[in-house]
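Quick note, the sequence shown lines up with residues 4 to 156 if you use the numbering used here.
Backbone N, C-alpha and C fix where the C-beta goes; we use that ideal spot for every residue, glycine too.
Here is the structure we will look at, set down as structure tokens.
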Amino acid sequence: MRAGRLGIMGILGIGLATAGCGMGSLSSRPAAPPSHERLLPAGMDAGWEGALTILQEAPLRRADPKAGRIETDWIEGWSERSFGYMGLSHRRRARLTVTLTPAGKSIRVAVRAQVEEKPPLGAAGLRWKRIPSDGAAESGFLEALEQHLAATR
């Protein structure tokens, strides 16, 4: 795979496979989501095209270049959480929201992932449950975009 061209399925595959790892907490209050934002040395047009290139395999829910916002639809992945001799596993899905904002001669790119999980059995398996993102999908997207922009300069 060419540098900067890591597909969204690869990015989300890493994120969905590791989402929820180490989620144990002593506090009953959910932790604040980590900030996944980066200032990149590129113009708005180059950043927009780069983001669309990285997300080309993902089903897009909305892409508004004037607002600088891209939202993917749900992308299903796999989970490393399985049990039993049949290897039943939880299903995971995520959707990304990417926001690009001009910042002088650079762009500020913010990424947020919504992650949901569905267990394979029981009543809980009837609906998706929101779980915290571990940040892997967001970080992976930002790294892929940064590499893509560096390769196209």
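- Listed in chain order, the non-local C-beta contacts of G53 below 6 Å within the same chain comprise L148, H151 and L152, local neighbours out to five positions each way being set aside.
- The C-beta distance from G71 to L42 rounds to 14 Å, too long to fall under 8 Å, and the pair is not in contact.
- As the crow flies, the alpha-carbon of I110 is around 12 Å from that of V101.
- Around the beta carbon of E79, fewer than 16 other beta carbons sit within 10 angstroms, so the residue counts as exposed.
- Measuring C-alpha to C-alpha distances from S92 to each of A106, R115, T75 and P123 identifies P123 as the nearest.
- Cβ atoms of R95 and D76 stay farther apart than 8 Å, at about 15 Å.
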